[in-house]
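Novice: All letters in the sequence shown, in the order written, are residues -25 to -1, 1 to 456 by mature numbering (1 follows the signal peptide of the UniProt record, and there is no 0).
By construction, the Cβ of each residue, glycine as well, lies at the ideal position given by its N, Cα and C atoms.
There's a structure below that I have some questions on.
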Amino acid sequence: MGALARALLSTLLGFLLTPTPGALGANPGLVARITDKGLDYAAREGLVVLQSELREITLPDFTGDFKIKFAGRGHYEFHSLDIHACELRGSALKPLADGGLSLSIADSFIQVQGRWKVRKSFVKLQGSFDLHVKSITISVKLLLGSEPSGRPTVTTSSCSSHIRDVGVDISGDLEWLLNLFHNQIESKFRRELETKICEMVKESVTSDLQPYLQTLPVIAEIDSMAGVDYSLMEAPRATAQMLDVMFKGEIFHLNHRSSVACLAPALSLPEDHDRMVYFAISDYVFNTASLVYHQAGYLNFSVTDDMIPPDSTIRLTTKFFRAFAPQIGRLYPNMNLELRGAVVQAPLLNFSPGKLSLAPQLEMEAVVLLPNSVKEPVFRLSVATNVSATLAFNTSKITGFLNPGKVQVELKESKVGVFNVEMLEALLNYYIGETLYPKVNDKLAKGFPLPLLRRIQLHDLVLQIHKDFLFLGANVQYMRV
């Protein structure tokens, strides 16, 4: 991978996704904040990669003619040029007000070794040389943009390099002659290196950094049904210490996307700087997930007697339910029942400082399975419960877990008379705790991915719960191959 490309993308650009035009009036569902510590880390990593890449620059042969008093005219050539050493000693990566990035590198040097030869008339002489290039400064501005698809783009809007000091040490039979016009030689080396450095930067951005940014999961699949939209809503917002990037963060049905019935709240992020990157994830992200799975009927369920463990004392039969409603056994002797449950509306996750909760409302209907395969409704219930939630995140995903509260049952309609609702509550608490919540928690344990580029991993994780959003902090590591 090219020098500047790998240097930048190796860390921050794993999170620094580029601006995409969108609905500027809407709030983002997810904000990625890159702090000054993150920018510093990217700059340090950039130096390491850039040093190795600069050694790979191919320098052309240098040729020219000379004219010296008493010696006359001749021809010189410098060839077999090899960058023997390279040390980059200082760098800075800063956000710009227009959403771009400015990279500057200073106080650096390069050592070049090679061979020379001189021809005058029929005389040919040769030797070796060492070129010391000192006080190199490089200044690059990256312009961030997007394709119509919402994928990020990056171009080099400007690049300049300056070499303050070039010295050539020449050895060989004719070194005294070459030293007479070393200023001309040093000037040519300076111009060539300055040009080569910026050519390398521009080529790296085009051939390495831009393709790497295409690994951004603008649409990331959660499972076979749902995905998350990580397109950006506007240009990054820059200050002297951080860069905020706004993602849509909407979860949607992969096969038939429809408009979302909720809006993302405005987020007021803490001024934390202990970690390299922070993610503020609005309740909007989780609630769009709830809407999608509710509309798909994922939260609906039915319970029949064959789903209850054989050793359970609770049975879904009219004989067992005589303890709840005596009439049901007389009206429907020795028949099986089916309980059908449906969430009335998508349960919305409530964020408050240090706490996550939701209060799903269910409707349940009991039907008798008649011998002729007809299902006859016999009573209808309203079921309410309060649920606490736990969220966590690892190197790439956010996961969750629901802790169910006790359900409360209210009889809404009955065709078999009044019956003991408290006993039915015990049955529902057993089933929901043993079957329904484990099913949902299995789904939550798989989690949904954070918007990370390839080979980016998070560590030193911290998690805070604020009003309306989850605040995740992490340090960054780029996993080299």
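In whole angstroms, what is the alpha-carbon distance linking LEU63 and LEU191?
Specialist: Roughly 30 Å separates the two Cα atoms.
Novice: Please identify the residue among GLY89, HIS107 and LYS99 whose C-alpha is closest to the C-alpha of SER83.
Specialist: The option with the nearest alpha carbon to SER83 is HIS107.
Novice: Would you check if the distance between the CB atom of VAL358 and the CB atom of LYS350 is smaller than 8 Å?
Specialist: The answer is no: Cβ separation not under 8 Å.
Novice: Using 8 Å for Cβ pairs, my map puts ILE440 next to PRO328. What's the rounded Cβ distance?
Specialist: Contact holds; Cβ gap of about 6 Å.
Novice: How about LYS442 and PHE326: are their beta carbons less than 8 Å apart?
Specialist: A contact, by the Cβ cut-off of 8 Å.
Novice: Taking the C-alpha atoms as reference points, what is the distance between LEU324 and GLY4?
Specialist: Computed Cα separation, rounded: 14 Å.
Novice: Take every Cβ of the region 5 to 15, pair it with every Cβ of the region 240 to 258, and state whether three or more of those distances are shorter than 8 Å.
Specialist: Taking 8 Å as the limit for Cβ pairs, the verdict is that the region 240 to 258 does touch the region 5 to 15.
Novice: Compare the C-alpha of GLY435 against each of PRO426, LEU427 and GLY448 and name the closest.
Specialist: The residue asked about is misnamed: residue 435 is Asp in this sequence, not Gly. For the residues PRO426, LEU427 and GLY448, the minimum Cα distance to ASP435 belongs to GLY448.
Novice: Assuming the contact rule is C-beta atoms closer than 8 Å, ALA17 and LEU68 should be a hit. Round their C-beta distance to whole Å, please.
Specialist: That belief holds up - the Cβ atoms of ALA17 and LEU68 are roughly 5 Å apart, short of 8 Å.
Novice: Examine the Cβ distances between the region 386 to 397 and the region 160 to 167 and report whether three or more of them are shorter than 8 Å.
Specialist: Contact fails: fewer than three Cβ-Cβ distances are below 8 Å.
Novice: Distance, Cα to Cα, VAL143 vs SER27?
Specialist: Roughly 23 Å separates the two Cα atoms.
Novice: Exposed or buried, MET175, counting other C-beta atoms within 10 Å across all chains shown (16 or more means buried)?
Specialist: With 16 or more other Cβ atoms within 10 Å, it is buried.
Novice: For ASN369, which of ASN311, GLU385, PRO335 and VAL451 has the nearest alpha-carbon?
Specialist: Closest option to ASN369, Cα to Cα, is VAL451.
Novice: For LEU106, decide whether its Cβ has a neighbour in chain B, counting only Cβ atoms nearer than 8 Å.
Specialist: Structure shown: chain B not included; a single protein chain is present.
Novice: By how many angstroms is the C-alpha of LEU331 removed from the C-alpha of LEU377?
Specialist: When rounded, the distance between both Cα atoms is 10 Å.
Novice: Tell me which residues share the same chain as PRO70 and place their Cβ nearer than 6 Å to its Cβ, disregarding the 5 neighbours each side in the sequence.
Specialist: Taken in chain order, the residues that qualify are ALA213 and LEU218.
Novice: Please check the pair PHE37 and LEU242, which I expect to be a contact at CB under 8 Å, by giving their CB distance rounded to whole angstroms.
Specialist: Actually they do not touch by this definition, with Cβ atoms about 58 Å apart.
Novice: Specify the secondary structure class of ALA241 as computed by DSSP and reduced to three states.
Specialist: Looking at ALA241 - three-state DSSP - the assignment turns out to be coil, as it is neither helix nor strand.
Novice: Is LEU(-2) buried or exposed, if buried means 16 or more other CB atoms sit within 10 Å of its CB?
Specialist: In this prediction, LEU(-2) has a pLDDT of 41, which is less than 50 and means its spatial position is unreliable; what the coordinates show is noted afterwards. Classification for LEU(-2): exposed.
Novice: Are there 16 or more other CB atoms within 10 angstroms of the CB of PRO35, so buried, or fewer, so exposed?
Specialist: The residue in question, PRO35, is exposed, as its Cβ has fewer than 16 Cβ neighbours within 10 Å.
Novice: Less than 7 Å separating the Cβ of LEU78 from some heavy atom of the ligand PLP?
Specialist: Ligands are entirely absent from the displayed structure, and the ligand PLP is therefore not among its contents.
Novice: Can you list, in chain order, the residues of its chain whose CB lies under 8 Å from that of TYR404, leaving out five sequence neighbours each side?
Specialist: The sequence as given places Asn at residue 404; Tyr does not occur at that position. Contacts found: LYS381 and VAL382.
Novice: Classify ASP435 as helix, strand or coil using the three-state DSSP reduction.
Specialist: Correct three-state label for ASP435: strand.
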